[in-house]
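In this text, residue positions in the sequence shown follow the working numbering: the first is 7, and each later residue adds one.
We put the CB at the ideal spot given by N, CA and C, even for glycine.
Before any comments, here is the structure.
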Amino acid sequence: MASENAPVRFDTKIAVLLREDLPTWQRLNVTAFVVSGIGSRVPEVIGEPYADADDTEYLPMFRQPVLVFEGTKEALTSAHTRALGRDLPMAVFTSDLFGTGNDRDNRAMVRAIPRADLDLVGMAVYGPRNVVDKILKGARMHP
Numbered sequence: 007m008a009s010e011n012a013p014v015r016f017d018t019k020i021a022v023l024l025r026e027d028l029p030t031w032q033r034l035n036v037t038a039f040v041v042s043g044i045g046s047r048v049p050e051v052i053g054e055p056y057a058d059a060d061d062t063e064y065l066p067m068f069r070q071p072v073l074v075f076e077g078t079k080e081a082l083t084s085a086h087t088r089a090l091g092r093d094l095p096m097a098v099f100t101s102d103l104f105g106t107g108n109d110r111d112n113r114a115m116v117r118a119i120p121r122a123d124l125d126l127v128g129m130a131v132y133g134p135r136n137v138v139d140k141i142l143k144g145a146r147m148h149p
């Protein structure tokens, strides 16, 4: 019987990969956007709602950690290609999206560019831990 205080190990991983040359505000913005895609497509990664001792209710969050990595533009392109080959749930953020201000324009901007020409600055991927590790080969943990 496992102890209720034993660490929880997940056989899946939620990971964000950011291009290393982004300013801090863009890293935060990209991370927030791409992880929202994982939660909407893979509802089982969302835990139960929170409540404090006064019964104030809060929204549910991911049930497992989100690991954030960084890498070169080439590492991001390679990870994107590997994730596509594994058919894993993935969200992307391109440099063009910094110039738009809403979801409709964001989607139109991505739609206008062929996959091979996307200027990726960030992505989030979800899947089996060992598969996500292979997809992120060449990336390093965000400092």
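- By the criterion of a C-beta distance shorter than 6 Å, L94 is surrounded in its chain by V131 and G133, once the five residues flanking it on both sides are discounted.
- Its Cα nearest to that of Y56, the residue R69 stands out among L73, E26 and R69.
- Assignment of T87 by DSSP, reduced to helix, strand and coil, places it in the helix class.
- Residue environment analysis places V14 among the exposed positions, since fewer than 16 neighbouring C-beta atoms fall within 10 angstroms of its C-beta.
- By the beta-carbon neighbour count (other beta carbons within 10 angstroms, threshold 16), M129 is buried.
- Using a Cβ distance threshold of 8 Å, V40 and V22 count as a contacting pair.
- Of the candidates P49, T18, D125 and D109, the residue whose Cα lies closest to the Cα of D139 is T18.
- Contact annotation: L103 and M115 have beta-carbon atoms nearer than 8 Å.
- Ranked by Cα distance from N112, the options F99, T62, R121 and D123 are led by F99.
- When secondary structure is reduced to three states using DSSP, R135 falls in the helix class.
- For T100, the secondary structure class from DSSP, reduced to helix, strand or coil, is strand.
- Secondary structure of M115 (DSSP, three-state): helix.
- Annotation for F16: Q70 place their beta carbon closer than 6 Å to its own, counting only its chain and skipping 5 residues before and after.
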